[in-house]
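In the working numbering, the protein residues as written are 1 to 199.
Think of the CB as a built atom: it goes at the ideal place given N, C-alpha and C, for glycine as much as any other residue.
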Amino acid sequence: MTTNDDFKRRARALQLYGLLAHWDEAGGQAWVGQLIEWEEAIRQQRSHERRLRAARIGRFKPLCNFDWSWPKTCDREAIESLMSLEFMQDHSNIILIGPNGVGKTMIAQNLAHQAVIRGTTALFTTASHALGELAAAESDAALRRKMKHYTHPELLIIDEVGYLRYGERHADLLFDLISQRYEKKSTIVTTNLPFVEWN
Numbered sequence: 001m002t003t004n005d006d007f008k009r010r011a012r013a014l015q016l017y018g019l020l021a022h023w024d025e026a027g028g029q030a031w032v033g034q035l036i037e038w039e040e041a042i043r044q045q046r047s048h049e050r051r052l053r054a055a056r057i058g059r060f061k062p063l064c065n066f067d068w069s070w071p072k073t074c075d076r077e078a079i080e081s082l083m084s085l086e087f088m089q090d091h092s093n094i095i096l097i098g099p100n101g102v103g104k105t106m107i108a109q110n111l112a113h114q115a116v117i118r119g120t121t122a123l124f125t126t127a128s129h130a131l132g133e134l135a136a137a138e139s140d141a142a143l144r145r146k147m148k149h150y151t152h153p154e155l156l157i158i159d160e161v162g163y164l165r166y167g168e169r170h171a172d173l174l175f176d177l178i179s180q181r182y183e184k185k186s187t188i189v190t191t192n193l194p195f196v197e198w199n
């Protein structure tokens, strides 16, 4: 049973100052609880939609439609475990390695979507897009602003690392980006390069 004090606390959290100013008159009315519940629901929905747009996940195939019979080396149990997002609690990072076409991007998109559903922030980007934006910054201040765009989300997915060859500047920026997030926020990297080919 929700009490009048609970509704008042929730109205304060929603910053419904007009309602709070007239709480002595309105607080006990039956419609107040419904109004607060409607406001909470619409704000949660708008927050979810805003985080989903900001995540830039794009269209993707849900994990429930993934063909687990191919590729044979895909560890279904490990991927389903990742979907719990427990790795985000201790700010661990994930690297999805495999040849083109095996579903690395789709798995990463599903993880980003799951993070948004759980109420956290995520950003999906390709390595070429992120590094291109960072490298194009024409001043230190512009680079800091752009870097903050990539360091701010609780989960960052950098897709297709190693798909294209990078110059020294791009490699330094990638290192800097991952270093700034390390042990603070989780990062997922997808790549077609096995570890032995990483420089």
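Distance CB(Met127)-CB(Ala112) smaller than 8 Å: According to the sequence provided, residue 127 is Ala. The question's Met does not apply to it. Ala127 places its beta carbon 8 Å or farther from that of Ala112.
Ser186 - partner residues in DSSP beta bridges: According to DSSP, which records beta bridges pairwise, Ser186 is partnered with Leu155.
Beta-bridge pairing of Val161 - partner residues as DSSP gives them: Note: Val161 sits in a beta bridge opposite Thr191.
Sufficient close CB pairs (3 or more, under 8 Å) joining the segment 23–37 to the segment 91–110: Contact fails: fewer than three Cβ-Cβ distances are below 8 Å.
Backbone secondary structure at Leu123 - three-state DSSP: In this structure, Leu123 counts as strand in the three-state DSSP scheme.
Which of helix, strand or coil DSSP assigns to Ile178: Ile178: helix per DSSP, three-state reduction.
Where Leu14 sits in the DSSP three-state scheme: In the displayed model, Leu14 falls within coil according to three-state DSSP, outside both helix and strand.
Three-state secondary structure (DSSP) of Leu96: Correct three-state label for Leu96: strand.
Coarse secondary structure for Trp70, derived from DSSP in three states: Looking at Trp70 - three-state DSSP - the assignment turns out to be coil, as it is neither helix nor strand.
Whether Ile94 touches Leu85 by CB criterion (8 Å): With a cutoff of 8 Å on beta-carbon distance, Ile94 and Leu85 are scored as not near each other.
Where the alpha helix (DSSP H) containing Met106 begins and where it ends: Element bounds for Met106: 104–117.
Local conformation of Ala26 per DSSP, three classes: In the structure shown, Ala26 sits in a helix (DSSP, three-state: H, G or I).
Burial state of Leu134, where buried means 16 or more other Cβ atoms lie within 10 Å: Buried is the call here.
Under the three-state DSSP convention, the category Lys146 falls into: Lys146: helix per DSSP, three-state reduction.
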